[in-house]
Structures are given as C-alpha cells and as structure tokens.
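Asker:
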C-alpha cells in the first residue's frame, strides 16, 4: 500500500513526486510486490490532488498496456497489479489503519492495534504500508546502488530526504537535502 494521503499543512512533497514521476512510484511498488509476494497494490491519493490522481491513473494504465503490470509481468512468472484509490478527504486517513479502512470502503477511522497491518491489513491480508518517497527511492536504488545512496552521508544518517518549505521564507519550494541536515540549515540555505 502506498500512502499518498499527505495531509499536513504546507506539505506537498508527495504531490510533486506523483505529478512529476509516477512511473518511478509504480516501479518501486512492483519491486515491493515482487519482494513480498503480493499480487495487488494500492495507491491511496488524497482527494485534494486531482492532477496527481489523473497522472498516476494514466501511468498505471500505460504500465498495464506495456505488460509492466497485470498477469505475467514482463513475461515472467510474476503477476502484480495496482489499484488507485482516491481518498475521502479526511485527515485521519493519512494514518495507516484509517487509510486501510478507507481502501476497504469503510469509514476511514484509525483502529487500535494489534493487529498491525503487516499481520492483518487490507481485507485482512498482511499489508506493507509505505509512503510515496519510500517506493520512489526503491526504483532509484535498483537503478543505481545502495553504495551510491550511502555516499551521501552527514555522519549520522545516509541518503536524502525531501522537504517542502512554505510560509514566512524567502524561497518557497520543495528541497532534497542529505539526511541529518539541521532544520536551521534547511531554512537558512534553502528558504
């Protein structure tokens, strides 16, 4: 399950990624499906992102037409398909158990745990729930290498993360910085 229900005020990293490169998300979800033995994935996109929804739906269809999704992906003994679910416009659906309930066409309300989604998720099946950036990164890692990803290192954490800056800053935008970058540096250098 891809959680693209980005509901925090001023956050739009997921929207930017979904609108600009949905094929990388789809590729990352296919890799996740293959790694876990899943045959179906869900991309849950918040209602307030109509362009992102339109582009992801279009690219899922393109992937099916090219044999990248569906039965026997790329002629192999692996089947995997994706369903795009448009969010119900509720902030609580960003929490994974509320999101799962919404995918099941139930009221999107968080549930007490256990059980955790890994044991009993969408329609009672074990489910792996990650965000847009995680699945998007998987495709990059497979194309390049873990070693190349680890080259970006601040001493505490390796790799990068995207942040959106808005409000009282000189430069509003979405910025990708090394993990471990201080928030102060993010604001002073980027914003």
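Residue numbers (my numbering): 19 to 209.
Built from N, CA and C at the ideal position, the CB exists for glycine as well.
(1) Between which two residues does the beta strand (DSSP E) harbouring residue 4 extend?
(2) Since residue 91 is in the alpha helix (DSSP H), which residue starts that stretch and which ends it?
(3) From 153, 161, 111, 103, pick the residue whose C-alpha is nearest to that of residue 35; which is it?
(4) Assign residue 174 to buried or exposed, taking buried as 16 or more other Cβ atoms, counted over all protein chains shown, within 10 Å of its Cβ.
(5) Closer than 7 Å by C-beta to residue 127: which residues in its own chain qualify, once you throw out the five before and the five after it? Chain order, please.
(6) With 16 as the cutoff for other CB atoms within 10 Å, does residue 47 come out buried or exposed?
(7) Taking the runs of the alpha helix (DSSP H) that are 4 residues or longer, which of them lie wholly in the region 102 to 129?
(8) Between the Cα of residue 105 and those of 29, 77, 62, spot the shortest distance and give me the residue it belongs to.
(9) So, are the CB atoms of residue 196 and residue 178 less than 7 Å apart?
(10) Does the distance from the CB of residue 99 to the CB of residue 87 come in under 7 Å?
(11) Between residue 209 and residue 168, is the Cβ-Cβ spacing less than 7 Å?
(12) Would you call residue 121 buried or exposed, if buried means 16 or more other Cβ atoms sit within 10 Å of its Cβ?
(13) Provide the residue span of the beta strand (DSSP E) that contains residue 160, from first to last.
(14) Which class does residue 71 belong to by DSSP, given the choice of helix, strand or coil?
(15) Go ahead and label residue 134 buried or exposed: buried means 16 or more other beta carbons lie within 10 angstroms of its beta carbon, across all protein chains shown.
(16) Just curious, the alpha helix (DSSP H) that residue 134 is in, first and last residue?
(17) Can you tell me where the alpha helix (DSSP H) with residue 195 in it begins and where it stops?
Answerer: From the atom records:
(1) With the chain covering 19 to 209 only, the question about residue 4 has no answer from this structure.
(2) Within the chain shown, residue 91 is the residue found at index 73, counting from 1. First-last for residue 91: undefined, no H or E at that position.
(3) Sequence index remark: in the chain shown, residue 35 carries index 17 (1-based). Checked all of 153, 161, 111, 103; the closest Cα to residue 35 is 153.
(4) Residue mapping note: residue 174 aligns to position 156 of the chain shown, counting from 1. Burial call: exposed.
(5) Translated into positions along the chain shown, residue 127 becomes position 109. 110, 116, 119, listed in sequence order.
(6) As a working mapping, residue 47 is identified with position 29 in the chain shown. Buried is the call here.
(7) 114 to 121
(8) Indexing the chain shown from 1 puts residue 105 at position 87. Answer by Cα proximity: 62.
(9) As a working note, residue 196 is residue 178 in the chain shown. As a working note, residue 178 is residue 160 in the chain shown. Contact: yes.
(10) As a working mapping, residue 99 is identified with position 81 in the chain shown. As a working mapping, residue 87 is identified with position 69 in the chain shown. Cβ atoms of residue 99 and residue 87: closer than 7 Å.
(11) In the chain shown, residue 209 corresponds to position 191, counting from 1. In the chain shown, residue 168 corresponds to position 150, counting from 1. No; because the gap between Cβ atoms is not below 7 Å, this pair is not in contact.
(12) Taking the first residue of the chain shown as position 1, residue 121 is located at position 103. Buried, by the Cβ-count rule.
(13) Counting from one through the chain shown, the residue named residue 160 turns up at place 142. Careful: residue 160 lies outside any beta strand (DSSP E), inside the alpha helix (DSSP H) at 150 to 161.
(14) Position 53 of the chain shown, counted from the first residue, corresponds to residue 71. DSSP places residue 71 in helix when its eight states are reduced to three.
(15) If you number the chain shown from 1, residue 134 lands on position 116. Per the 10 Å Cβ criterion, exposed.
(16) Working through the chain shown from its first residue, we reach residue 134 at position 116. First-last for residue 134: undefined, no H or E at that position.
(17) Counting from one through the chain shown, the residue named residue 195 turns up at place 177. Taken as a continuous stretch (DSSP letters only), residue 195 belongs to no alpha helix (DSSP H), being part of the beta strand (DSSP E) at 191 to 196.
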